[in-house]
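A.B. asks: Just dropping this structure here.
Protein chains: 2
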Amino acid sequence: MTLDEAWRILQENQFKRTKNRDTILKFFSNKDRYLTALEVKNFMADDNPGISFDTIYRNLSTFSELGILEETDLNGERHFRMQCDPGVHHHHFICTACGKTRSIPHCPMEMITVNLPDYEVEGHKFEIYGKCPLCVQK
Amino acid sequence: MTLDEAWRILQENQFKRTKNRDTILKFFSNKDRYLTALEVKNFMADDNPGISFDTIYRNLSTFSELGILEETDLNGERHFRMQCDPGVHHHHFICTACGKTRSIPHCPMEMITVNLPDYEVEGHKFEIYGKCPLCVQK
DNA sequence: CCTTAAAACAGGAATCATTCCGATTCACTC
DNA sequence: GAGTGAATCGGAATGATTCCTGTTTTAAGG
Numbered sequence: 129m130t131l132d133e134a135w136r137i138l139q140e141n142q143f144k145r146t147k148n149r150d151t152i153l154k155f156f157s158n159k160d161r162y163l164t165a166l167e168v169k170n171f172m173a174d175d176n177p178g179i180s181f182d183t184i185y186r187n188l189s190t191f192s193e194l195g196i197l198e199e200t201d202l203n204g205e206r207h208f209r210m211q212c213d214p215g216v217h218h219h220h221f222i223c224t225a226c227g228k229t230r231s232i233p234h235c236p237m238e239m240i241t242v243n244l245p246d247y248e249v250e251g252h253k254f255e256i257y258g259k260c261p262l263c264v265q266k
Numbered sequence: 129m130t131l132d133e134a135w136r137i138l139q140e141n142q143f144k145r146t147k148n149r150d151t152i153l154k155f156f157s158n159k160d161r162y163l164t165a166l167e168v169k170n171f172m173a174d175d176n177p178g179i180s181f182d183t184i185y186r187n188l189s190t191f192s193e194l195g196i197l198e199e200t201d202l203n204g205e206r207h208f209r210m211q212c213d214p215g216v217h218h219h220h221f222i223c224t225a226c227g228k229t230r231s232i233p234h235c236p237m238e239m240i241t242v243n244l245p246d247y248e249v250e251g252h253k254f255e256i257y258g259k260c261p262l263c264v265q266k
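See the structure below:
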């Protein structure tokens, strides 16, 4: 997702244009990996050294709810990444060494829901973990 | 998995037979759901009110490493359940209301790994969330 | 521009799950 | 029944996340 798309969504939902949001979004753009609140904070060091975690988490949560960021738990920590292809359902391979991700277009749900009659499916999680080609070499 | 099987595995690996381990394992047997360390502690109230979280987590981690328990992160918290069918790979539907689980024999990995050449797959997670038939009615 | 109300923020305290640590107790072996 | 390393206890420490309160900033209207 581009920064323009992100801002369009934010303004459609009456969120204000602030410096912090701008910097956070820039941090995520063009990164194909999941990142933590701490990594955001470190990145902000130049721009706004005094930013509080409250602000970071509040915005990350907002972005996630609006579909601007994708969110997942890795080792009990919240991780976020730019929504790569809005509207197109997909999953990720996640490199356990460098954190880089790779999109997986297949979704296992289609062939499985048939076997869950009377169940009300709300969501699912499918992630593959391992080493990406670059990290395999090392 | 039965308690006998669990104890066989523990003794094969030189773990001692303690009262705490016995009570914890009994707590998990015959429960088809994921449980937290706190729930374990509450259950121990009768048997050993003074048990420390250190002991609980240490044993849960041990059981998990030995394949006696299955482990997953739900909302950033560690959850454990008795290994239902040792050796048989499977996944779970997890009820977000009552926590009950349902085994899903299908594994999405088989048809997908072909599309990850040069990647080194270490593991994967596939879980379906929603309401079980009983909780749908309410 | 200037004013104003609501939104956003900073800073620090609080919370919650989990882990660490030093001292004590226990389970198994001889 | 004594010795030894494993297991445990209790409480402090940690680390991520959230809460709280007062202050600043944004966007809109006059």
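If you read the sequences in order, they're chains A and B.
Start counting at 1 in the first sequence, then tack on 128, and there's your number in the working numbering.
Start counting at 1 in the second sequence, then tack on 128, and there's your number in the working numbering.
Glycine included, every Cβ here is placed at the ideal spot set by N, Cα and C.
1. Would you tell me roughly how many angstroms separate the C-alpha atoms of residue 140 of chain B and residue 194 of chain B, rounded to the nearest one?
2. Of the residues that make up the stretch 153 to 164 of chain A, which ones have a beta carbon closer than 7 Å to any beta carbon in chain B?
3. Let me check one thing: in DSSP terms, what residues is residue 246 of chain B bridge-paired to?
4. If you check the beta carbons only, do residue 252 of chain B and residue 162 of chain A fall under 9 Å apart?
5. In chain A, which residues lie with their C-beta within 9 Å of the C-beta of residue 204 of chain B?
6. Within the chosen definition, does the stretch 172 to 192 of chain B reach the stretch 230 to 246 of chain B through at least 3 CB pairs nearer than 8 Å?
7. Could you check where the beta strand (DSSP E) with residue 189 of chain A kicks off and where it finishes?
8. Tell me which same chain residues have a C-beta within less than 7 Å of the C-beta of residue 217 of chain A, skipping the five on either side of it?
9. Name the chain A residues whose beta carbon is nearer than 9 Å to that of residue 250 of chain B?
10. Output, in chain order, the set of chain A residues within a Cβ distance shorter than 9 Å of residue 108 of chain B.
11. Kindly indicate which residue of B:247, B:238, B:225 and B:245 has the alpha-carbon position closest to the one of residue 248 of chain A.
12. Report the neighbours of residue 185 of chain B on chain A: residues whose CB is nearer than 8 Å to its CB, in chain order.
13. Output the boundary residues of the alpha helix (DSSP H) element that contains residue 172 of chain B.
14. Does residue 221 of chain A come within less than 9 Å of chain B when only Cβ atoms are used?
15. Is residue 168 of chain A close to chain B? Criterion is C-beta to C-beta, closer than 9 Å.
16. For residue 178 of chain B and residue 210 of chain A, I'd like the C-alpha separation in whole angstroms.
17. Using CA atoms only, rank isn't needed, just tell me which of A:132, A:180 and A:173 is closest to residue 153 of chain A.
18. Going by the DSSP bridge assignment, what does residue 162 of chain B pair with across the sheet?
19. Give me the Cα-Cα distance between residue 130 of chain B and residue 159 of chain B, rounded to the nearest whole angstrom.
20. Helix, strand or coil: which one does DSSP assign to residue 154 of chain A?
21. Using CA atoms only, rank isn't needed, just tell me which of B:155, B:190 and B:198 is closest to residue 174 of chain B.
22. Quick check on this structure: which residue in B:221, B:180, B:191 and B:239 has the alpha carbon closest to the alpha carbon of residue 259 of chain B?
C.D. replies: Looking at the coordinates:
1. 10 Å
2. none
3. Partner(s): none; residue 246 of chain B has no beta bridge.
4. no
5. 201, 204, 205 and 206
6. no
7. No beta strand (DSSP E) contains residue 189 of chain A, which is instead part of the alpha helix (DSSP H) from 181 to 193.
8. 235
9. 224, 256, 257, 258 and 259
10. Here chain B covers residues 129 to 266 and nothing more, so residue 108 of chain B does not appear.
11. B:225
12. Correct list: empty, because the minimum Cβ distance to chain A is about 12 Å.
13. 165 to 172
14. yes
15. no
16. 46 Å
17. A:132
18. Looking at the DSSP assignment, residue 162 of chain B forms no beta bridge with any residue, so it has no partner.
19. 11 Å
20. helix
21. B:155
22. B:221
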